[in-house]
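So in our numbering the end of the sequence shown lands on 578, straight run, no missing numbers. Don't be surprised by glycine CBs; every beta carbon is placed ideally from N, CA and C. None of the values given here were measured: they were computed from a predicted structure.
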Amino acid sequence: MKTKDIKQKVILPAKPLAVYNALMDSKKHSAFTSSVCKIGKKEGAVYSAYDGYINGKNVKLVPGKKIVQTWQAIDGVWPEGYYSEITFDLKSNPKGTELTFLHKGVPENQVDEFKSGWKEHYWEPMKLYFSKK
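Quick look at the structure:
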């Protein structure tokens, strides 16, 4: 299977620790995605988001700085049993947080879908969530 990586950057109007907490806290993650999310808070713990559409495991967690997770979509197209890897790098920016995102190992036939999906289902809702705080 051929894969590609997706790299995106976004500025979010919140401090890095607030962004980290929104991604890693089940209630906050559920709030900005308007879906059921269950997220373990330790390395090695499992998570699921978007009503079970996404699942994986926490690989590396550095509060306020970095999240590395395995990632799998349950959509009938994603290869069964296959996990890619996502990394959220967070750093302070005058406007809040610069989030650099890397999604490694995306099946080639789903790259365009997930490129727009991250923007539509994560970056835009997170901007809205933090602008209300």
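In the same chain as Asp520, and ignoring 5 residues on each side of it, the C-beta atoms closer than 8 Å to its own belong to Tyr498, in chain order.
When only Cα atoms are considered, Tyr527 and Asn503 end up about 16 Å apart. For Val556, the enclosing alpha helix (DSSP H) starts and ends at Val556 to Trp563. When DSSP reads this structure, Glu543 sits in a beta bridge with Ile456 and Lys536. Taking Asn500 as reference, the option from Ala476, Glu525 and Leu535 with the minimal CA-CA separation is Glu525.
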